[in-house]
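Residue numbers (the numbering used here): 62 to 129. Think of the CB as a built atom: it goes at the ideal place given N, C-alpha and C, for glycine as much as any other residue. None of these values were measured; they are calculated from a predicted model.
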């Protein structure tokens, strides 16, 4: 599950055919929970890059949340 986030493939996960073929065992709720934890961490940081990363993760979490 962390591989999807670490390899920056969340957008790929959102496509149904790719999700079924490559990530069949990964549940959207678990991925969303992981993204939300990363959002909290990045938002607590003070640097600009971390805040941008938090915003990116927030958008990804919203996309994954629509799958639930």
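List the whole-angstrom C-beta distance separating residue i from residue j, where the pair is believed to meet the contact cut-off of C-beta under 8 Å.
i	j	result
residue 114	residue 103	5 Å
residue 124	residue 87	Residue 124 to residue 87, Cβ: 14 Å. No contact.
Mind checking which residues open and close the alpha helix (DSSP H) that includes residue i?
i	result
residue 68	No alpha helix (DSSP H) contains residue 68, which DSSP labels as neither H nor E.
residue 88	Element bounds for residue 88: n/a, residue is neither H nor E.
residue 125	109 to 126
Taking C-beta to C-beta, are residue i and residue j nearer than 7 Å?
i	j	result
residue 96	residue 118	yes
residue 65	residue 71	yes
residue 62	residue 91	yes
Buried or exposed for residue i, please, with buried defined as at least 16 other CB atoms from any protein chain shown within 10 angstroms of its CB.
i	result
residue 129	exposed
residue 99	buried
residue 116	exposed
Could you tell me if the beta carbon of residue i falls within a distance shorter than 6 Å of some heavy atom in the ligand SAM?
i	result
residue 100	No copy of the ligand SAM occurs in the structure displayed, which carries no ligand at all.
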